[in-house]
Amino acid sequence: MYEILTGPLLWIAFAVFFVGLTARVVLYFKGLDWRLDRVAYKPHMAAGLKGGVRSVYRWILPFGTHSWRAKPIFTIMFFAFHVGLVIVPLFLEGHAVMIKSGLGIDWPSMPQILADVLAIAAFLGGVGIAIRRIVLPEVRILTDFKDVMLLVLTLTLLFSGIMASYHTANYSFWINLHILCGVIVLLTAPFTKLAHIALFFCTRIQLGMDFGIKRGGMKTNFDW
Amino acid sequence: MPEGKLCNKKPVSTREELDALLGDSNGRQYYAEMENLDVDAEKLWATIQKTMKSRTKTWLEICAHCGLCADSCFLYSVNGRDPKQVPSYKIQSTLGEIVKQKGKVSNEFMRMCMDTAWSKCTCCNRCGSFCPYGIDMGVMFSYLRGLLHSQGFVPWELKIGSGMHRLFRAQMDVTVEEFVDTCEWMVDEALEEWPCLEIPIDKEDADIVYMINAREAKHYPEDIVEAAILFHIAGENWTMPSSGWEMTSLSMFAGDWEACKMQVETVYEAMERLRPKRMVATECGHAYRATVIEGPYWAGRPDGKPPVECIHYVEWVAEALETGKLKIDPAKRIKEPVTVQDSCNYVRNAGLRECTRIIMKHMAEDFREMAPNKEHNYCCGGGGGFNGIGRYRKQRNDALKMKREQILATGAKFVIAPCHNCWDAIRDLEEEYEIGIRWSFLKPLLVKMVEVPEHLLPKE
Numbered sequence: 123m124y125e126i127l128t129g130p131l132l133w134i135a136f137a138v139f140f141v142g143l144t145a146r147v148v149l150y151f152k153g154l155d156w157r158l159d160r161v162a163y164k165p166h167m168a169a170g171l172k173g174g175v176r177s178v179y180r181w182i183l184p185f186g187t188h189s190w191r192a193k194p195i196f197t198i199m200f201f202a203f204h205v206g207l208v209i210v211p212l213f214l215e216g217h218a219v220m221i222k223s224g225l226g227i228d229w230p231s232m233p234q235i236l237a238d239v240l241a242i243a244a245f246l247g248g249v250g251i252a253i254r255r256i257v258l259p260e261v262r263i264l265t266d267f268k269d270v271m272l273l274v275l276t277l278t279l280l281f282s283g284i285m286a287s288y289h290t291a292n293y294s295f296w297i298n299l300h301i302l303c304g305v306i307v308l309l310t311a312p313f314t315k316l317a318h319i320a321l322f323f324c325t326r327i328q329l330g331m332d333f334g335i336k337r338g339g340m341k342t343n344f345d346w
Numbered sequence: 009m010p011e012g013k014l015c016n017k018k019p020v021s022t023r024e025e026l027d028a029l030l031g032d033s034n035g036r037q038y039y040a041e042m043e044n045l046d047v048d049a050e051k052l053w054a055t056i057q058k059t060m061k062s063r064t065k066t067w068l069e070i071c072a073h074c075g076l077c078a079d080s081c082f083l084y085s086v087n088g089r090d091p092k093q094v095p096s097y098k099i100q101s102t103l104g105e106i107v108k109q110k111g112k113v114s115n116e117f118m119r120m121c122m123d124t125a126w127s128k129c130t131c132c133n134r135c136g137s138f139c140p141y142g143i144d145m146g147v148m149f150s151y152l153r154g155l156l157h158s159q160g161f162v163p164w165e166l167k168i169g170s171g172m173h174r175l176f177r178a179q180m181d182v183t184v185e186e187f188v189d190t191c192e193w194m195v196d197e198a199l200e201e202w203p204c205l206e207i208p209i210d211k212e213d214a215d216i217v218y219m220i221n222a223r224e225a226k227h228y229p230e231d232i233v234e235a236a237i238l239f240h241i242a243g244e245n246w247t248m249p250s251s252g253w254e255m256t257s258l259s260m261f262a263g264d265w266e267a268c269k270m271q272v273e274t275v276y277e278a279m280e281r282l283r284p285k286r287m288v289a290t291e292c293g294h295a296y297r298a299t300v301i302e303g304p305y306w307a308g309r310p311d312g313k314p315p316v317e318c319i320h321y322v323e324w325v326a327e328a329l330e331t332g333k334l335k336i337d338p339a340k341r342i343k344e345p346v347t348v349q350d351s352c353n354y355v356r357n358a359g360l361r362e363c364t365r366i367i368m369k370h371m372a373e374d375f376r377e378m379a380p381n382k383e384h385n386y387c388c389g390g391g392g393g394f395n396g397i398g399r400y401r402k403q404r405n406d407a408l409k410m411k412r413e414q415i416l417a418t419g420a421k422f423v424i425a426p427c428h429n430c431w432d433a434i435r436d437l438e439e440e441y442e443i444g445i446r447w448s449f450l451k452p453l454l455v456k457m458v459e460v461p462e463h464l465l466p467k468e
């Protein structure tokens with residue numbers, strides 16, 4: 123099982139992930155239309171890019187926007203969840219070992235204790251987000267099957283990873299489940315809401331450009 | 009029955025059609041006919057395929073359903089936090105559903121969409137600034153309005169308003185002659201107090217061309233005279249065009265993009281004809297949005313700019329006060345607590361948040377900020393056409409509650425609202441809830457407060 127999951131399937135999954143998301147980004151920007159969007163992107167590229175960068179920057183900063191500050195508990199859960207999901211897989215020692223053995227590249231890694239803390243925080247954040255989804259009527263009304271499945275997938279990914287890192291008796295079960303979830307994430311990312319991994323930056327840049335060019339950005343910076 | 013006599017997919021193109029609509033009291037026949045209006049699913053889907061590209065498609069698709077937009081929406085708050093008022097829900101259950109069904113939706117569904125698009129969203133765009141992805145549901149509702157309009161599902165008053173723009177290039181039936189006459193007799197009446205006052209019509213190469221909201225010409229001509237007096241005192245070289253002076257666009261509220269283009273092209277034509285250095289826009293929010301922010305795109309101008317530099321009245325006043333062209337008599341500054349309504353259309357959506365603060369620094373001794381304010385201020389409760397639609401009067405009155413609470417919290421009993429829609433909403437708010445406030449545009453206050461140079465005073 124482990125061999126199948128870490129063999130060609132993993133390579134295919136990575137290829138789908140990177141090619142797919144790159145395609146989504148390229149198609150997104152190619153599909154922007156100054157007439158339909160009513161934003162003169164090209165003639166005011168500098169003002170637009172400034173607006174785009176500000177819009178991304180403020181939003182990736184915890185408590186960087188009025189919206190984040192209005193919902194402090196959600197913001198903490200959100201950032202714990204996302205920081206763990208992005209940073210840990212990139213710099214986990216266990217992953218670096220795989221990269222070294224697979225590609226022969228010396229990949230930097232973080233101390234295991236930091237990875238543990240971040241992963242557990244991400245898991246708890248995710249659980250909090252799931253509870254919020256069920257408890258708050260204004261979020262429940264929006265929730266559909268796909269939203270639930272996405273949370274189940276990412277929480278299973280995190281939980282199995284945490285369990286595997288402790289090398290318990292059921293190590294092979296947890297590691298296989300972990301890799302399986304990882305492969306599913308990579309394979310489905312370009313075609314599901316997981317595409318926000320890349321599209322978040324696209325839509326944020328677009329609205330930043332809209333405000334930067336058309337909606338006052340040449341007079342005052344929008345205070346996100 | 010497919011197309012009604014009054015309610016149909018065809019925009020107003022003749023005086024007779026307009027009169028027939030106007031003759032239908034409260035749109036009773038119009039809305040009755042709407043219940044039988046066919047949906048042209050094929051055309052609807054074709055339009056969506058042609059006009060819904062990257063941006064809107066991605067917005068609909070990527071929404072994480074996180075609900076952060078809920079509390080950003082004042083309509084959600086004033087309606088008892090009804091989950092059906094969550095912006096994301098509102099757009100997904102209307103536009104999102106039409107897209108999912110590839111346009112194959114029922115008449116009943118389209119009427120639900122109409123009620124949602126015009127009574128559950130004022131296109132204030134506040135939600136857009138609270139969404140982590142930057143999904144601007146106000147922009148999407150505006151797009152949905154366009155789709156609904158193209159299928160004939162548009163509130164009665166807005167079909168009329170849009171028709172007015174198509175026939176008269178103004179939201180009301182004011183002809184060139186009537187407009188010029190109005191200016192002339194208003195000046196005549198003011199001459200005794202203001203010798204040499206004039207409203208120069210069609211003067212070429214002036215520093216400023218002044219443009220207005222048709223309501224001023226039709227119902228509040230004193231507003232035009234006040235503007236004239238202030239330009240006169242400030243020593244501006246200014247003019248007004250005999251045609252193309254109307255900046256508003258009820259067609260924007262209606263989603264009638266073709267009429268939007270016709271209207272704004274008339275305005276730009278006046279700018280090109282008179283070649284002023286700048287255009288100054290009256291105290292109206294949506295008029296500025298229509299002519300200065302969105303208009304260039306309707307007219308197909310690739311740089312997204314109107315033919316000449318355009319500034320809002322609050323920009324002109326702030327500049328005149330700062331440069332000393334206008335000076336406030338220190339004895340006449342406003343002593344009582346006063347607050348200012350930030351218009352969504354030129355503050356959140358055009359970056360003019362500082363101008364009114366500069367003006368208040370000169371005019372008021374006890375200026376109170378609303379909370380939230382500036383680009384995060386709430387809609388007055390009557391924006392996006394809400395004020396003018398009888399069918400949604402109850403919903404509009406409920407919507408005023410947020411502004412009521414905001415104003416009460418400032419402790420001020422006097423509200424300055426440099427925007428026609430906000431001004432109307434705040435007037436109606438007082439009528440409905442009687443909280444004991446007064447409200448005003450800037451012009452009437454300034455006329456009473458500015459120092460008048462000796463040589464402009466009448467000779468005794």
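Line by line, the protein sequences are chains A and B.
For the first sequence, the numbering used here begins at 123 and goes up steadily by one.
For the second sequence, the numbering used here begins at 9 and goes up steadily by one.
Every residue, glycine too, gets a C-beta built ideally from N, C-alpha and C.
Which value, in whole angstroms, describes the spacing of the CA atoms of residue i and residue j?
i, j, result
"residue 127/A", "residue 288/A", "20 Å"
"residue 206/B", "residue 242/B", "13 Å"
"residue 333/A", "residue 288/B", "22 Å"
"residue 433/B", "residue 56/B", "34 Å"
"residue 210/B", "residue 296/B", "21 Å"
"residue 427/B", "residue 68/B", "32 Å"
"residue 282/B", "residue 212/B", "4 Å"
"residue 318/B", "residue 74/B", "39 Å"
"residue 277/B", "residue 149/B", "30 Å"
"residue 227/B", "residue 66/B", "44 Å"
"residue 279/A", "residue 214/A", "14 Å"
"residue 178/B", "residue 222/B", "6 Å"
"residue 90/B", "residue 76/B", "14 Å"
"residue 371/B", "residue 286/B", "25 Å"
"residue 85/B", "residue 256/A", "20 Å"
"residue 245/B", "residue 191/B", "17 Å"
"residue 140/B", "residue 189/A", "8 Å"
I'd like to know whether the C-beta atoms of residue i and residue j end up nearer to each other than 8 Å.
i, j, result
"residue 132/B", "residue 146/B", "yes"
"residue 299/B", "residue 235/B", "no"
"residue 71/B", "residue 100/B", "yes"
"residue 258/B", "residue 169/B", "yes"
"residue 302/B", "residue 160/A", "yes"
"residue 383/B", "residue 423/B", "no"
"residue 160/B", "residue 238/B", "no"
"residue 87/B", "residue 406/B", "yes"
"residue 120/B", "residue 47/B", "no"
"residue 327/A", "residue 178/A", "yes"
"residue 54/B", "residue 112/B", "no"
"residue 329/A", "residue 59/B", "no"
"residue 387/B", "residue 82/B", "yes"
"residue 358/B", "residue 417/B", "no"
"residue 165/B", "residue 398/B", "yes"
"residue 276/A", "residue 207/A", "yes"
State the CB to CB distance for the pair residue i and residue j, rounded to an integer number of angstroms; the pair is presumed to be in contact (CB under 8 Å).
i, j, result
"residue 199/A", "residue 250/A", "4 Å"
"residue 258/A", "residue 97/B", "With 8 Å as the limit, residue 258/A and residue 97/B do not qualify as a contact, their Cβ atoms being about 13 Å apart."
"residue 186/A", "residue 180/A", "4 Å"
"residue 196/A", "residue 184/A", "Contact flag wrong, Cβ pair sits at about 11 Å."
"residue 267/B", "residue 19/B", "7 Å"
"residue 331/B", "residue 376/B", "Going by Cβ atoms, the distance from residue 331/B to residue 376/B rounds to 27 Å, so no, they are not a contact pair."
"residue 39/B", "residue 29/B", "Rounded, the Cβ-Cβ distance is 12 Å, inconsistent with contact."
"residue 202/B", "residue 240/B", "7 Å"
On the DSSP bridge list, what partners appear for residue i?
i, result
"residue 232/A", "BP columns for residue 232/A are empty, so no partner."
"residue 196/A", "According to DSSP, residue 196/A bridges with nothing at all."
"residue 372/B", "342/B"
"residue 220/B", "254/B"
"residue 424/B", "348/B, 448/B"
"residue 287/B", "217/B, 318/B"
"residue 458/B", "336/B"
For this session: At 4 residues or longer, and completely inside the segment 237 to 294 of chain A: list those alpha helix (DSSP H) runs for me, N to C.
Result: 259 to 262, 267 to 287
For this session: Report the residue ranges of all beta strand (DSSP E) runs contained in full by the segment 50 to 111 of chain B; include only those spanning at least 3 residues, in chain order.
Result: none
Exercise. If you scan the segment 164 to 230 of chain B from start to end, which runs of the alpha helix (DSSP H) of 4 or more residues do you find wholly inside it?
Worked result: 164 to 176, 184 to 198, 222 to 226
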